[in-house]
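Everything in the sequence shown is counted per UniProt numbering, starting at 1 for the first residue and increasing by one.
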Amino acid sequence: MRINILQHTPNEGPGSLLEWAQANGHQTFVYHPYHFGYLPTAEETDMLFILGGPMNPNTDLPWIKKERQLIQELLDKDAPMLGVCYGAQQIAKTLGCQISEAPAKEVGWAPVYRKSKIVPGLPEKLLVLHWHEDMFEIPKHADLLFSSNDVRNQGFIMNHRIVGLQFHLEPQADNVREMVVNDFPYIENSVLNQSAADILKTPVPEENKKTMFKILNYITGD
């Protein structure tokens, strides 16, 4: 299977998503549309990962609109798709949902709570990395998958093929360090009240990768 990955900033890479793809024998192709302007076609995409980034889907940029055209074509194709943070917002906006400022800016480690049992074996509670101040509406016909203490809409699942996560399950320890050292000013004014040092000293829970793998296995039928 060919998995195309849309990356939107140098310091938010695919992390454990690559490990899952390699373990399952899939090819991955990473695109940087914010920099080069190129996107894959729907015909050459068996699965799509849409990663996070500092931009907002409401911004009037041609490449952001082209991403949503690709997402729509893949929705029509019933291809499995995972959106993270900005990526989840892009999926939701493609489905006609509003993207707005969240009730609280969340940057740092905080728990999320499972709200649906559609994906078998997901833990009731996870300690995850948050890096956002906007949020999506839950799309029509989708189920709320996760919530946090401060922001209800943390994840959705639709048609057993599409998952959007407002938080980050994919970063491994080196990815977290890369995010913090390059984007530490963004931590300011977070409701979680954590410093860069606090975020860095928190170990990445092994359960996060396992949970990500369960979600990906579910939406691909593996």
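All C-beta atoms in this analysis are idealised placements derived from N, C-alpha and C, irrespective of residue type, glycine included. Please read these numbers as outputs of a predicted model, since none were measured by experiment.
- For Val-84, no alpha helix (DSSP H) segment is defined; the enclosing uninterrupted segment is the beta strand (DSSP E) at 81-84.
- Taking the Cβ atoms as the reference, Gly-83 lies roughly 4 Å from Gly-164, within the contact range of under 8 Å.
- Three or more Cβ pairs closer than 8 Å define a contact, and the region 196-211 meets that threshold against the region 126-135.
- Residue pairing by DSSP puts Ser-100 in a beta bridge opposite Met-135.
- Nearest C-alpha to Ile-50 among His-35, Trp-63, Ala-42 and Glu-67: Glu-67.
- Under a 10 Å Cβ-count criterion, Gln-69 is classified as exposed, with fewer than 16 other Cβ atoms of the shown protein chains found around its own Cβ.
- When C-alpha distances from Ile-3 are compared across Pro-10, Glu-12, Pro-40 and Phe-36, the shortest belongs to Pro-40.
- Taking each of Leu-18, Ile-187, Asn-11 and Thr-28 in turn and checking the Cα distance to Thr-45, the smallest one comes out for Thr-28.
- DSSP places Pro-185 in the helix class (H, G or I) of the three-state scheme.
- Considering only Leu-18, Glu-12, Leu-75 and Gly-37, the residue with the shortest C-alpha distance to Pro-139 is Leu-75.
- Take Leu-18, set aside five residues on each side of it, and the residues of its chain with a beta-carbon closer than 7 Å to its own are Thr-28, in chain order.
- In its chain, beyond the 5 residues on either side, Ile-118, Asp-143, Leu-145 and Val-163 have a beta carbon closer than 6 Å to the beta carbon of Ile-157.
- In terms of Cβ geometry, Ile-99 and Ile-71 do not form a close pair [threshold 8 Å].
- Apart from the 5 residues on each side of it in sequence, Tyr-218 sits with its Cβ closer than 6 Å to the Cβ of Val-119 in its chain, given in chain order.
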